[in-house]
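**Q**
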Amino acid sequence: MNPFTAVLGSLKNPIDFLEYFDSQEAIDAGLDTATVKKWETVHNTYFGPTKWTRKQKQAREAAQRSGFTSDQLYLIEFRIKHITVEREKWALRFRLLSIRGNFTTLKCKADDIVPEKKAPAPRKTMAFGRSRGRMRPMRVMAPERDMAALEFALNRHVSADRPAGPQMVDALLEILGLRNGESNEPAVPPHSTVSPAIPRPMILIPYPSYIDILNGDGDETVLGLTDGTTMTGAEFLAEHYGEELEVATFHPQHGAVNLYHTKRFANQKQRDLARATSTTCPVPDCRQTSDNCEIHHVEAWSRGGPTNMANLAPLCRYHNRTNDDDPDRNHRGRIKNIRGSPVWCSPRGFPVANKVHPFGAMTLLFGR
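Take the working numbering: the final residue in the sequence shown is number 631, and no numbers are missing along the way.
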C-alpha cells in the first residue's frame, strides 16, 4: 500500500484517528481552520462529554461500519444542528449513519429526512452596505404589495435595448427626487410618487372559492394575483370588490378561451389572458411576475407563429431573449404550450414547472 492510499484509508475511517484529535496540534501542522473546525465538531459528537454515552458508543460503531469520511460525518452534524430535542437529534443521526452511498447521496437523503429549520418571520428593514468604486448597495425588506407596486413602477419605462437594472436605479432615484431623469445632477425635492397599488392586477379565483368568499367564508382562502402577491378572500372583499367585474374563461385542455369585460381592446385582452394563465415567467425559479413580463410567441413570429392565445406566454425580459426559438437549436431550453399552459422544457425535452407563485388559472382550475 502506497502512502497516498494509506491516507485515503484513514480518511474513510476518521473515527479511528479523531479520538485523539487536538485542535492546536492540527493548526500547528498547517491545516486550514475550516478543516480543523469540522474535525472538532465530529470529535465532540463521538468522543466529547455527554449524558448519552450509550448512544454515543453506538454512533461510533455505526460510523465505522458506514465508512463515512470526516466530511460526511460533519455534514450529518451540520444538517441536524438546529434540532433542539436531543433525543430527536440522536434518532436522526442514526438514520443518516445507516445510509449507504457517497457524499452527494447522503446530502440528498438528508434533505428528505431532516426537518427544515423554521426561518424567522421576515420583518421590515433597510440596510446599506460598504461603498466600493463610488457605488453603495442597499437591501430592503418591506410588505410584498408595496414592493410589487415599486417594482412595477420602476419597470414601466425600461427600454428593451439597454440593461434593465441601471434604468430601474435611475427611475428610483428620480422618484426619490435625487436625480433629474438620467442626469447626474441633484434634483429638487421629490416630484413623482409610486402608486399605492399596481394598476389593475388580476385576481385569480376558482369559482367554488368565489362562492365561499361571497358567503363570508373567505378568511382561509388564499388568492393569487398577477403581480406575484397573494391575498385572502376576506381581503379581496374588503379592498377589491367593486362595480366592475372581469370574468375569464379557461378550457381544461386548450387554456385561455376569452375574457369578457365592459371594454374590449384585442391586444390588452390577449395580454390579460396570458398573464392570468401564468402569474409569473414560466421558467423554473424565475420570480418575475407576469405584470412585468413581455408577451412571448411560443412559436416565433419570425417563423410564422400566430398572435393567438394558444401561442402566447408571459416571459421576463431575460428569458424572452434566451429562449431557444429555433426548434432545431435547443441549448438553453424553450417554452412550450402543454395542455393550455406555458411550460419550460429543458434542452433534453423534459417539462419543468415554475412553482414560485403557483396561482395561475390552469393550476387553480385544473390542478396544473
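Beta carbons: idealized from backbone N, C-alpha and C, even for Gly.
State the Cα-Cα distance for the pair T304 and Q335, rounded to the nearest angstrom.
**A** 12 Å
**Q** Between R419 and the rest of its own chain, which residues show a CB-CB distance below 7 Å, the 5 nearest in sequence each way excluded?
**A** Nothing meets the Cβ criterion.
**Q** Would you say the beta carbon of H345 is closer than 8 Å to some non-hydrogen atom of the ligand GDP?
**A** Inclusion of the ligand GDP in the displayed structure is not the case, the ligand content being empty and no account of it being possible.
**Q** Assuming S541 is part of the beta strand (DSSP E), what are its boundary residues?
**A** Careful: S541 lies outside any beta strand (DSSP E) and carries neither H nor E.
**Q** Within 8 Å, do at least three Cβ pairs link the stretch 343–351 to the stretch 319–326?
**A** Note that the stretch 319–326 does not touch the stretch 343–351; fewer than 3 beta-carbon pairs, one per stretch, sit closer than 8 Å.
**Q** If you reduce the DSSP assignment to three classes, tell me which class E562 lands in.
**A** coil
**Q** Report buried or exposed for G428, applying the criterion of at least 16 other Cβ atoms within 10 angstroms of its Cβ.
**A** exposed
**Q** So F391 is in the alpha helix (DSSP H); what residue range does that whole segment cover?
**A** No alpha helix (DSSP H) holds F391; the beta strand (DSSP E) holding it covers 388–391.
**Q** Count the other CB atoms, across all protein chains shown, that sit within 10 Å of the CB of P266; report buried if there are 16 or more and exposed otherwise.
**A** exposed
**Q** Contact defined as beta carbons within less than 8 Å: I believe L578 pairs with C556. What is the distance between those atoms, to the nearest angstrom?
**A** 6 Å
**Q** Looking only at C-alpha atoms, which of S333, A382, E379, R386 sits nearest to N365?
**A** S333
**Q** Measure from the alpha carbon of R611 to the alpha carbon of each residue in F622, K618, D591, then state which is nearest.
**A** Residue D591 is the option with its Cα nearest to R611.
**Q** Please look up how many angstroms separate the CB atoms of A576 and P545, rounded, as I've assumed it's under 8 Å.
**A** 6 Å
**Q** Starting from R402, trace the beta strand (DSSP E) both ways and give me its first and last residue.
**A** Taken as a continuous stretch (DSSP letters only), the beta strand (DSSP E) holding R402 covers 401–404.
**Q** By a C-beta neighbour count over all protein chains shown, 10 Å radius and 16 as the cutoff for buried, is H594 buried or exposed?
**A** In summary, H594 is exposed, with fewer than 16 beta-carbon neighbours lying within 10 Å of its beta-carbon over all protein chains present.
**Q** In the DSSP assignment, find the alpha helix (DSSP H) that holds R350 and state where it starts and stops.
**A** 349–360
**Q** Give the DSSP-derived three-state secondary structure of P429 in the structure shown.
**A** helix
**Q** I need the boundaries of the beta strand (DSSP E) containing T495, first residue and last residue.
**A** 493–495
**Q** Nearest to K618 by alpha carbon, out of A573, C549, Q327, D554?
**A** Considering only alpha carbons, the answer is C549.
**Q** Compare the beta carbon distance of M625 and T540 with 9 Å and say whether it is the shorter of the two.
**A** Here M625 is near T540, since their CB atoms are less than 9 Å apart.
**Q** If you follow the beta strand (DSSP E) that I598 is in, where does it begin and where does it stop?
**A** 597–601
**Q** Could you pull out every residue in the same chain whose Cβ sits closer than 7 Å to the Cβ of F415, ignoring the five residues on either side in sequence?
**A** I461, D490, D554, N555
**Q** Check this for me: beta carbons of F331 and R323, under 9 Å apart or not?
**A** no
**Q** Within 10 angstroms of its Cβ, does E507 collect 16 or more other Cβ (buried), or is it exposed?
**A** Reliability fails at E507, whose pLDDT of 47 lies under 50, so the model's placement of it is uncertain and the value that follows must be treated cautiously. Flag for E507 reads exposed.
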